[in-house]
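As structure tokens, the structure follows; a few thoughts come after it.
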Amino acid sequence: MKTLPKISIITVVYNAVTLLEQTILSVLEQDYSSVEYIIIDGGSSDGTIALIQKYASYPVVWISEKDSGIYDAMNKGLKLVTGEWIVFLNAGDFLASSHILSLVASTITKNTRLDLVYGGILLDAKEGLYVHPKEFTTLNLLFWGTGTLCHQAMFIKKEKITPYSLAYRYKAELDSYFDLVSRIQEYKRIDEPFVVYLTGGAGAQNFVRNHLEALHVAFKRKGILSIMALPFIVYGFFISLGHYWKGKYGNYY
């Protein structure tokens with residue numbers, strides 16, 4: 000009998016008491032048992048810590064301390080991981096069904112050469128807009144950036160993950176994708192929603208720096224070829240600008 004792969008889920012949060020519970024429940028309600036759940040709180044003062052303590056009787060590992068941003072918090076989570084596979088599920092995001100981990104585990108078990116399994120996302124529960132995952136290639140990373148795939152829908156083998164660069168405030172995950180695409184042996188793209196993704200995080204609220212960082216990552220990684228990223232970055236900038244003017248985005252982390 001094959002041993003079930005242990006999946007570590009990391010949630011980073013800061014002052015998001017109104018958003019976190021749905022995230023936690025989506026993990027605890029999974030029909031898969033070999034799970035490690037880690038919550039990294041950045042020293043919240045809005046009741047987030049009390050909410051985490053509410054679930055202390057469940058198998059939840061958590062710490063609360065100040066950090067220097069989301070990627071510092073994510074790196075802290077990586078240091079605590081004991082599972083073979085890792086996924087980041089940030090506050091406000093939640094797994095699309097109670098069967099996601101079972102689906103991923105079944106996929107992993109059938110092909111032990113896999114280093115990455117990922118799916119699509121739904122943009123907000125109310126909007127229900129499905130974003131299909133794209134093939135994980137350098138070309139797509141240059142053109143689509145983080146639109147290629149969403150890290151909340153990515154299950155990555157532990158030994159393939161490297162710490163996130165603290166040089167970026169919003170696009171360190173894109174920087175890490177360029178590393179990952181050259182490190183993985185095989186991946187599996189599953190064209191169905193893994194996660195309901197809450198739009199309007201820190202990167203959306205600071206869209207100018209967000210898009211400048213995306214361009215910087217592309218140029219650092221691929222030099223002159225980064226010109227391929229310009230159409231998407233410019234398009235994304237004006238979409239973000241429009242949302243900002245409409246006041247769509249809130250003040251959560």
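Each residue of the sequence shown is one higher than the one before, counting from 0 in numbering that gives the first Met the number 0.
No residue lacks a Cβ here, since even glycine has one placed at the ideal position from N, Cα and C.
If you ignore the 5 residues before and after F93, its C-beta comes within less than 6 Å of the C-beta of Q21, T22, S25, V195, all in its own chain and listed in chain order. Taking a contact to require three or more Cβ pairs closer than 8 Å, the segment 46 to 61 and the segment 108 to 128 do not qualify as touching. Nearest C-alpha to V16 among P4, K187, D45: D45. The DSSP assignment places complete beta strand (DSSP E) segments of no fewer than 3 residues inside the segment 63 to 99 at 84 to 87, in order along the chain. For T106, the closest alpha carbon among the candidates V86, D174, F154 is that of F154. For a cut-off of 8 Å, the C-beta gap from L140 to F177 is around 6 Å, short enough to register as a contact. Counting only residues of its own chain and dropping the five nearest sequence neighbours on each side, L148 has a CB closer than 7 Å to the CB of Y117, P132, K133, F135. Around D71, the same chain offers L165 as residues with beta carbons nearer than 7 Å, after the five sequence neighbours per side are excluded.
Of the residues E35, K75, W84, A90, the one whose Cα lies closest to the Cα of T108 is W84. Here the alpha carbon of I8 sits roughly 9 Å from the alpha carbon of G82. By the Cβ-count criterion, G42 is exposed, with fewer than 16 other Cβ atoms from all chains shown falling within 10 Å of its own Cβ. Look at D178 here: in three-state DSSP terms it is helix.
For L115, the secondary structure class from DSSP, reduced to helix, strand or coil, is strand.
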